[in-house]
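Position one of the sequence shown corresponds to residue 624 (the numbering used here), numbered consecutively onward.
Every residue gets a Cβ at the ideal spot worked out from N, C-alpha and C, and that includes glycine.
Report on the structure given below.
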Amino acid sequence: MFGGGNMFSYFMLALATFAWGGAFVAAKMVVTELHPLVAAVARFWLAFLCLIPFMLWKERGKAGVALKDWPVLIFLGFSGIFLYNVLFFNGLRISAAMDGSLLVACGPVLTAILSALVLQERLNFRQAMGFLVSLCGVVVIVTKGVPSALLVWDINPGDIMLTCSALTWSFYSVGGKVVMKRLSPVVSTTYAMGIGAAMLTLAAIPQLTENPFANMTQTSVVGLGYLAVIASALSFVLWFEGIKRVGAGKASIFQNIVPLSGALLSILLLGEKLQAFHPIGALLILGGVYMVTKPARAPKAAVTGGVRQSSQEI
(Lines of atoms letter the chains of each structure in order from A; the text may use other names.)
(Lines give C-alpha, C1' and ligand atoms only; values in the text may rest on other atoms or scores of the structure.)
Protein backbone atom coordinates (compact mmCIF):
# COMPACT_ATOMS: atom_id res chain seq x y z
CA MET A 624 0.00 0.00 0.00
CA PHE A 625 2.64 2.52 1.02
CA GLY A 626 4.72 2.28 -2.14
CA GLY A 627 7.66 4.56 -2.64
CA GLY A 628 5.95 6.42 -5.49
CA ASN A 629 3.19 7.65 -3.19
CA MET A 630 5.26 8.42 -0.11
CA PHE A 631 4.97 12.19 -0.61
CA SER A 632 1.19 11.88 -0.95
CA TYR A 633 0.97 9.92 2.29
CA PHE A 634 3.19 12.50 3.95
CA MET A 635 0.77 15.26 2.91
CA LEU A 636 -2.19 13.32 4.32
CA ALA A 637 -0.37 12.60 7.57
CA LEU A 638 0.69 16.24 7.90
CA ALA A 639 -2.86 17.49 7.31
CA THR A 640 -4.42 15.18 9.88
CA PHE A 641 -1.67 15.82 12.42
CA ALA A 642 -2.29 19.55 12.00
CA TRP A 643 -6.02 19.04 12.57
CA GLY A 644 -5.21 17.31 15.84
CA GLY A 645 -3.13 20.31 16.81
CA ALA A 646 -6.13 22.57 16.21
CA PHE A 647 -7.62 21.43 19.52
CA VAL A 648 -4.52 22.56 21.39
CA ALA A 649 -4.32 25.87 19.51
CA ALA A 650 -8.01 26.58 20.08
CA LYS A 651 -7.64 25.83 23.78
CA MET A 652 -4.84 28.41 23.95
CA VAL A 653 -6.77 31.02 21.97
CA VAL A 654 -10.05 30.90 23.92
CA THR A 655 -8.25 31.72 27.15
CA GLU A 656 -7.75 35.24 25.76
CA LEU A 657 -10.40 35.68 23.07
CA HIS A 658 -14.16 35.24 23.14
CA PRO A 659 -15.03 32.01 21.25
CA LEU A 660 -17.05 33.87 18.61
CA VAL A 661 -14.28 36.39 18.02
CA ALA A 662 -11.73 33.58 17.69
CA ALA A 663 -13.94 31.82 15.14
CA VAL A 664 -14.47 35.03 13.15
CA ALA A 665 -10.74 35.73 12.94
CA ARG A 666 -9.91 32.12 12.07
CA PHE A 667 -12.26 31.82 9.13
CA TRP A 668 -11.83 35.25 7.58
CA LEU A 669 -8.08 34.59 7.54
CA ALA A 670 -8.57 31.07 6.16
CA PHE A 671 -11.03 32.39 3.54
CA LEU A 672 -8.55 35.03 2.39
CA CYS A 673 -5.84 32.36 2.12
CA LEU A 674 -8.03 30.01 0.07
CA ILE A 675 -9.38 32.56 -2.44
CA PRO A 676 -6.14 32.91 -4.46
CA PHE A 677 -5.59 29.16 -4.33
CA MET A 678 -9.14 28.55 -5.60
CA LEU A 679 -8.76 31.04 -8.44
CA TRP A 680 -5.44 29.48 -9.47
CA LYS A 681 -6.62 25.89 -9.08
CA GLU A 682 -9.95 26.24 -10.86
CA ARG A 683 -8.85 28.74 -13.52
CA GLY A 684 -12.22 30.22 -14.45
CA LYS A 685 -14.34 27.40 -13.00
CA ALA A 686 -14.96 28.99 -9.60
CA GLY A 687 -18.42 30.28 -10.49
CA VAL A 688 -21.48 28.96 -8.64
CA ALA A 689 -24.93 28.35 -10.14
CA LEU A 690 -28.01 29.76 -8.41
CA LYS A 691 -29.24 26.25 -7.53
CA ASP A 692 -26.07 25.53 -5.54
CA TRP A 693 -26.31 28.52 -3.19
CA PRO A 694 -28.85 26.95 -0.77
CA VAL A 695 -26.54 23.98 -0.19
CA LEU A 696 -23.49 26.25 0.18
CA ILE A 697 -25.37 28.35 2.75
CA PHE A 698 -26.23 25.13 4.59
CA LEU A 699 -22.55 24.13 4.52
CA GLY A 700 -21.51 27.52 5.87
CA PHE A 701 -24.11 27.31 8.63
CA SER A 702 -23.48 23.72 9.72
CA GLY A 703 -19.76 23.15 9.11
CA ILE A 704 -18.38 26.64 9.78
CA PHE A 705 -20.82 28.64 11.90
CA LEU A 706 -22.51 26.06 14.13
CA TYR A 707 -19.54 23.69 14.32
CA ASN A 708 -17.18 26.41 15.49
CA VAL A 709 -19.59 27.97 17.96
CA LEU A 710 -19.77 24.56 19.62
CA PHE A 711 -16.07 23.80 19.08
CA PHE A 712 -14.64 26.97 20.63
CA ASN A 713 -17.20 27.19 23.45
CA GLY A 714 -16.71 23.51 24.24
CA LEU A 715 -12.94 23.85 24.45
CA ARG A 716 -13.32 26.82 26.76
CA ILE A 717 -14.47 24.46 29.53
CA SER A 718 -13.27 21.02 28.37
CA ALA A 719 -9.86 19.44 27.97
CA ALA A 720 -8.39 19.59 24.47
CA MET A 721 -7.63 15.86 24.69
CA ASP A 722 -11.28 15.03 25.39
CA GLY A 723 -12.37 17.19 22.45
CA SER A 724 -10.00 15.53 19.99
CA LEU A 725 -11.25 12.08 21.02
CA LEU A 726 -14.94 13.00 20.97
CA VAL A 727 -14.81 14.58 17.52
CA ALA A 728 -13.22 11.36 16.22
CA CYS A 729 -16.69 9.81 16.10
CA GLY A 730 -17.54 12.13 13.18
CA PRO A 731 -17.13 9.52 10.39
CA VAL A 732 -19.57 7.22 12.20
CA LEU A 733 -22.19 9.98 12.51
CA THR A 734 -21.66 10.88 8.85
CA ALA A 735 -22.32 7.29 7.78
CA ILE A 736 -25.54 7.19 9.82
CA LEU A 737 -26.75 10.52 8.40
CA SER A 738 -25.84 9.43 4.87
CA ALA A 739 -28.02 6.36 5.35
CA LEU A 740 -30.92 8.43 6.67
CA VAL A 741 -30.71 11.39 4.30
CA LEU A 742 -29.08 10.03 1.14
CA GLN A 743 -30.41 6.46 1.46
CA GLU A 744 -26.90 5.05 1.39
CA ARG A 745 -26.77 1.42 2.50
CA LEU A 746 -25.89 0.68 6.11
CA ASN A 747 -25.05 -2.94 6.88
CA PHE A 748 -25.08 -4.81 10.19
CA ARG A 749 -21.35 -4.35 10.79
CA GLN A 750 -21.68 -0.59 10.36
CA ALA A 751 -24.66 -0.47 12.73
CA MET A 752 -22.62 -2.34 15.34
CA GLY A 753 -19.74 0.05 14.69
CA PHE A 754 -22.03 2.95 15.52
CA LEU A 755 -22.93 1.36 18.87
CA VAL A 756 -19.27 0.63 19.66
CA SER A 757 -18.26 4.21 18.86
CA LEU A 758 -21.19 5.53 20.91
CA CYS A 759 -19.93 3.52 23.88
CA GLY A 760 -16.56 5.23 23.46
CA VAL A 761 -18.23 8.64 23.51
CA VAL A 762 -20.06 7.70 26.71
CA VAL A 763 -16.76 6.63 28.29
CA ILE A 764 -15.15 9.98 27.46
CA VAL A 765 -18.01 12.29 28.47
CA THR A 766 -18.62 10.42 31.74
CA LYS A 767 -14.85 10.21 32.49
CA GLY A 768 -15.10 6.43 32.76
CA VAL A 769 -18.11 6.47 35.11
CA PRO A 770 -21.21 5.73 32.96
CA SER A 771 -23.46 6.03 36.02
CA ALA A 772 -22.84 9.78 35.77
CA LEU A 773 -25.47 9.76 33.00
CA LEU A 774 -28.14 8.92 35.58
CA VAL A 775 -27.56 12.16 37.46
CA TRP A 776 -26.30 14.06 34.37
CA ASP A 777 -22.96 14.79 36.02
CA ILE A 778 -21.37 15.69 32.69
CA ASN A 779 -19.17 18.57 31.58
CA PRO A 780 -21.32 20.79 29.27
CA GLY A 781 -18.21 21.36 27.16
CA ASP A 782 -18.04 17.66 26.32
CA ILE A 783 -21.67 17.77 25.18
CA MET A 784 -20.94 20.76 22.97
CA LEU A 785 -17.91 19.03 21.44
CA THR A 786 -19.94 15.89 20.74
CA CYS A 787 -22.64 18.03 19.12
CA SER A 788 -19.95 19.73 17.03
CA ALA A 789 -19.09 16.32 15.58
CA LEU A 790 -22.76 15.95 14.64
CA THR A 791 -22.87 19.34 12.91
CA TRP A 792 -19.71 18.42 10.98
CA SER A 793 -21.51 15.27 9.83
CA PHE A 794 -24.36 17.41 8.47
CA TYR A 795 -21.70 19.44 6.67
CA SER A 796 -20.16 16.26 5.25
CA VAL A 797 -23.49 14.98 3.98
CA GLY A 798 -24.27 18.35 2.40
CA GLY A 799 -20.81 18.31 0.86
CA LYS A 800 -21.54 14.97 -0.80
CA VAL A 801 -24.50 16.63 -2.52
CA VAL A 802 -22.86 19.84 -3.71
CA MET A 803 -19.54 18.24 -4.72
CA LYS A 804 -21.33 16.34 -7.46
CA ARG A 805 -21.26 19.69 -9.27
CA LEU A 806 -18.55 21.74 -7.55
CA SER A 807 -14.97 20.88 -6.70
CA PRO A 808 -13.93 20.50 -3.03
CA VAL A 809 -11.86 23.69 -3.09
CA VAL A 810 -14.73 25.76 -4.53
CA SER A 811 -17.37 24.43 -2.15
CA THR A 812 -15.11 24.76 0.89
CA THR A 813 -13.94 28.29 0.04
CA TYR A 814 -17.50 29.54 -0.43
CA ALA A 815 -18.66 27.73 2.72
CA MET A 816 -15.86 29.36 4.70
CA GLY A 817 -16.80 32.82 3.44
CA ILE A 818 -20.50 32.30 4.18
CA GLY A 819 -19.75 30.85 7.61
CA ALA A 820 -17.34 33.67 8.43
CA ALA A 821 -20.06 36.22 7.57
CA MET A 822 -22.54 34.40 9.84
CA LEU A 823 -20.01 34.30 12.67
CA THR A 824 -19.32 38.02 12.23
CA LEU A 825 -23.01 38.88 12.59
CA ALA A 826 -23.26 36.75 15.72
CA ALA A 827 -20.11 38.32 17.20
CA ILE A 828 -21.04 42.01 16.65
CA PRO A 829 -21.48 42.70 20.42
CA GLN A 830 -18.03 41.25 21.17
CA LEU A 831 -16.33 42.88 18.17
CA THR A 832 -17.38 46.36 19.29
CA GLU A 833 -15.41 45.98 22.53
CA ASN A 834 -11.88 45.90 21.01
CA PRO A 835 -11.53 42.15 21.68
CA PHE A 836 -7.97 41.85 20.35
CA ALA A 837 -6.44 44.43 22.72
CA ASN A 838 -5.11 41.96 25.28
CA MET A 839 -3.89 39.22 22.97
CA THR A 840 -0.47 37.77 23.82
CA GLN A 841 2.02 36.23 21.42
CA THR A 842 0.71 32.78 22.35
CA SER A 843 -2.84 33.48 21.21
CA VAL A 844 -1.61 35.27 18.07
CA VAL A 845 0.43 32.22 17.09
CA GLY A 846 -2.46 29.93 17.99
CA LEU A 847 -4.90 31.91 15.87
CA GLY A 848 -2.48 31.98 12.95
CA TYR A 849 -2.06 28.23 13.25
CA LEU A 850 -5.83 27.67 13.26
CA ALA A 851 -6.39 29.86 10.21
CA VAL A 852 -3.38 29.16 8.00
CA ILE A 853 -2.19 25.68 9.00
CA ALA A 854 -5.25 23.86 10.37
CA SER A 855 -7.78 25.40 7.96
CA ALA A 856 -6.28 26.60 4.67
CA LEU A 857 -3.03 24.63 4.26
CA SER A 858 -4.34 21.35 5.70
CA PHE A 859 -7.34 21.51 3.38
CA VAL A 860 -5.05 21.87 0.36
CA LEU A 861 -2.79 19.02 1.52
CA TRP A 862 -5.74 16.76 2.30
CA PHE A 863 -7.51 17.07 -1.04
CA GLU A 864 -4.27 16.97 -3.00
CA GLY A 865 -3.47 13.71 -1.20
CA ILE A 866 -6.93 12.31 -1.93
CA LYS A 867 -6.52 13.18 -5.59
CA ARG A 868 -3.30 11.18 -5.75
CA VAL A 869 -4.10 8.08 -3.68
CA GLY A 870 -7.91 7.99 -3.48
CA ALA A 871 -10.42 8.64 -0.70
CA GLY A 872 -10.34 5.06 0.58
CA LYS A 873 -6.64 5.04 1.44
CA ALA A 874 -6.78 8.64 2.64
CA SER A 875 -9.53 7.85 5.17
CA ILE A 876 -7.06 5.73 7.15
CA PHE A 877 -5.14 8.88 8.05
CA GLN A 878 -8.17 10.41 9.80
CA ASN A 879 -7.29 8.28 12.81
CA ILE A 880 -4.22 10.48 13.29
CA VAL A 881 -6.43 13.41 14.37
CA PRO A 882 -7.45 12.16 17.84
CA LEU A 883 -4.04 10.62 18.45
CA SER A 884 -2.11 13.79 17.59
CA GLY A 885 -4.63 15.88 19.50
CA ALA A 886 -4.14 13.78 22.62
CA LEU A 887 -0.35 13.72 22.27
CA LEU A 888 -0.04 17.47 21.75
CA SER A 889 -2.44 18.14 24.63
CA ILE A 890 -0.10 16.24 26.94
CA LEU A 891 3.08 17.82 25.59
CA LEU A 892 1.96 21.43 25.18
CA LEU A 893 -0.88 21.89 27.66
CA GLY A 894 0.25 19.52 30.39
CA GLU A 895 -3.03 17.59 30.33
CA LYS A 896 -3.00 14.22 32.07
CA LEU A 897 -3.76 10.95 30.35
CA GLN A 898 -6.44 9.20 32.41
CA ALA A 899 -7.36 5.51 32.28
CA PHE A 900 -10.66 6.25 30.51
CA HIS A 901 -8.92 8.08 27.62
CA PRO A 902 -7.36 5.03 25.88
CA ILE A 903 -10.47 2.94 26.57
CA GLY A 904 -12.75 5.54 25.01
CA ALA A 905 -10.33 6.12 22.14
CA LEU A 906 -10.13 2.42 21.29
CA LEU A 907 -13.92 2.11 21.30
CA ILE A 908 -14.42 5.22 19.15
CA LEU A 909 -11.70 4.32 16.63
CA GLY A 910 -12.81 0.69 16.61
CA GLY A 911 -16.32 1.80 15.74
CA VAL A 912 -14.98 4.11 13.05
CA TYR A 913 -13.04 1.20 11.55
CA MET A 914 -16.15 -1.00 11.52
CA VAL A 915 -18.20 1.72 9.83
CA THR A 916 -15.67 2.91 7.26
CA LYS A 917 -13.99 -0.39 6.32
CA PRO A 918 -14.88 -1.06 2.66
CA ALA A 919 -17.04 -4.08 1.98
CA ARG A 920 -15.22 -7.02 0.44
CA ALA A 921 -15.48 -6.74 -3.34
CA PRO A 922 -16.95 -9.73 -5.17
CA LYS A 923 -14.51 -11.95 -6.98
CA ALA A 924 -13.83 -11.03 -10.56
CA ALA A 925 -16.04 -12.83 -13.04
CA VAL A 926 -15.02 -14.04 -16.47
CA THR A 927 -17.55 -13.31 -19.21
CA GLY A 928 -16.90 -14.15 -22.84
CA GLY A 929 -13.19 -14.59 -22.22
CA VAL A 930 -12.89 -11.07 -20.75
CA ARG A 931 -12.05 -10.69 -17.05
CA GLN A 932 -14.49 -8.27 -15.36
CA SER A 933 -14.39 -6.93 -11.82
CA SER A 934 -16.49 -4.60 -9.73
CA GLN A 935 -15.54 -0.92 -9.75
CA GLU A 936 -14.90 0.76 -6.43
CA ILE A 937 -16.65 4.11 -6.18
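So within the segment 823-872, which uninterrupted alpha helix (DSSP H) runs reach at least 4 residues, ignoring any that extend past its ends? Listed in chain order, they are 828-831, 841-848, 858-869.
Please go through the same chain and pick out, in chain order, the residues whose beta-carbon is closer than 8 angstroms to the beta-carbon of K896, but skip the five residues on each side of it. Along the sequence shown, read from residue 1 onward, the residue named residue 896 stands at position 273. So the list reads I890, once near-sequence residues are dropped.
With 16 as the cutoff for other CB atoms within 10 Å, does D782 come out buried or exposed? Along the sequence shown, read from residue 1 onward, the residue named residue 782 stands at position 159. Under this definition D782 is a buried residue.
With DSSP as the reference, label W792 as helix, strand or coil. As a first step, residue 792 is located in the sequence shown; it is residue number 169 there, counting from the start. For W792, the secondary structure class from DSSP, reduced to helix, strand or coil, is helix.
For the alpha helix (DSSP H) holding Q878, just list the boundary residues, first then last. The count along the sequence shown starts at 1 and reaches residue 878 at position 255. Q878 -> no alpha helix (DSSP H), and no H or E assigned at all.
Alpha carbon to alpha carbon, what distance is there between C673 and C787? By 1-based counting over the sequence shown, the position of residue 787 is 164. By 1-based counting over the sequence shown, the position of residue 673 is 50. Straight-line Cα distance between these residues: approximately 28 angstroms.
By the 10 Å Cβ neighbour count, where 16 or more other Cβ atoms means buried, how is F625 classified, buried or exposed? Within the sequence shown, numbered from 1, the residue matching residue 625 stands at position 2. With a pLDDT of only 46 at F625, under 50, the local geometry of the prediction cannot be trusted, and no value is derived from it.
Range of the contiguous alpha helix (DSSP H) that encloses N708: Against the sequence shown, residue 708 aligns to sequence position 85. Where N708 is concerned, the enclosing alpha helix (DSSP H) stretches over 707-717.
Out of curiosity, what's the CA-to-CA distance linking S811 and K691? Walking along the sequence shown from the start, residue 811 turns up at place 188. Walking along the sequence shown from the start, residue 691 turns up at place 68. If I take the Cα positions, the gap works out to 13 angstroms.
Contact defined as beta carbons within less than 8 angstroms: I believe F698 pairs with L737. What is the distance between those atoms, to the nearest angstrom? Locating residue 698 in the sequence shown gives position 75, where the first residue counts as 1. Locating residue 737 in the sequence shown gives position 114, where the first residue counts as 1. About 13 angstroms separates the two Cβ atoms, so there is no contact after all.
Given a cut-off of 8 angstroms on the beta-carbon distance, is the pair I717 and N779 in contact? Stepping through the sequence shown from its first residue, residue 717 is reached at position 94. Stepping through the sequence shown from its first residue, residue 779 is reached at position 156. In contact: I717 and N779 (Cβ atoms closer than 8 angstroms).
E895 - DSSP class collapsed to helix/strand/coil: Within the sequence shown, numbered from 1, the residue matching residue 895 stands at position 272. Correct three-state label for E895: coil.
Apply the 10 Å Cβ neighbour rule to Y633 and answer buried if 16 or more other Cβ atoms are within range, or exposed otherwise. Counting from one through the sequence shown, the residue named residue 633 turns up at place 10. Result: buried.
Where V776 and T655 are concerned, what is the direct C-alpha to C-alpha distance, given to the nearest angstrom? On the sequence shown, position 153 is the one that residue 776 refers to. On the sequence shown, position 32 is the one that residue 655 refers to. It is Trp, not Val, that sits at residue 776 in the sequence shown. W776 and T655: Cα-Cα distance of roughly 26 angstroms.
Nearest CA to the CA of I818: which residue from F748, K685, V688, L696? The residue labelled residue 818 in the question sits at position 195 within the sequence shown. Considering only alpha carbons, the answer is L696.
Under the assumption that A854 contacts A642 (Cβ atoms under 8 angstroms), give the Cβ distance between them as a whole number of angstroms. Sequence index remark: in the sequence shown, residue 854 carries index 231 (1-based). Sequence index remark: in the sequence shown, residue 642 carries index 19 (1-based). Cβ atoms of A854 and A642 come within 8 angstroms of each other, at about 5 angstroms.
Following the continuous alpha helix (DSSP H) through M635, name the residue where it begins and the one where it ends. Here residue 635 refers to the residue found at position 12 of the sequence shown. It spans 630-653 - the alpha helix (DSSP H) in which M635 sits, taken as one unbroken run.
Of the choices I704, V653, A689, K651, whose alpha-carbon is the least far from that of A820? Taking the sequence shown and counting its residues from 1, one reaches residue 820 at position 197. For A820, the closest alpha carbon among the candidates I704, V653, A689, K651 is that of I704.
Inter-residue spacing [alpha-carbon to alpha-carbon] between V802 and G870: Reading the sequence shown from its first residue, position 179 is the one you call residue 802. Reading the sequence shown from its first residue, position 247 is the one you call residue 870. C-alpha of V802 to C-alpha of G870: approximately 19 angstroms in a straight line.
Any idea what DSSP makes of W668, helix, strand or coil? The sequence position of residue 668 within the sequence shown is 45, counting from 1. Note: W668 maps to helix in three-state DSSP.
With DSSP as the reference, label K917 as helix, strand or coil. As a position in the sequence shown, residue 917 is number 294, starting the count at 1. Here K917 carries a coil assignment [DSSP, helix/strand/coil].
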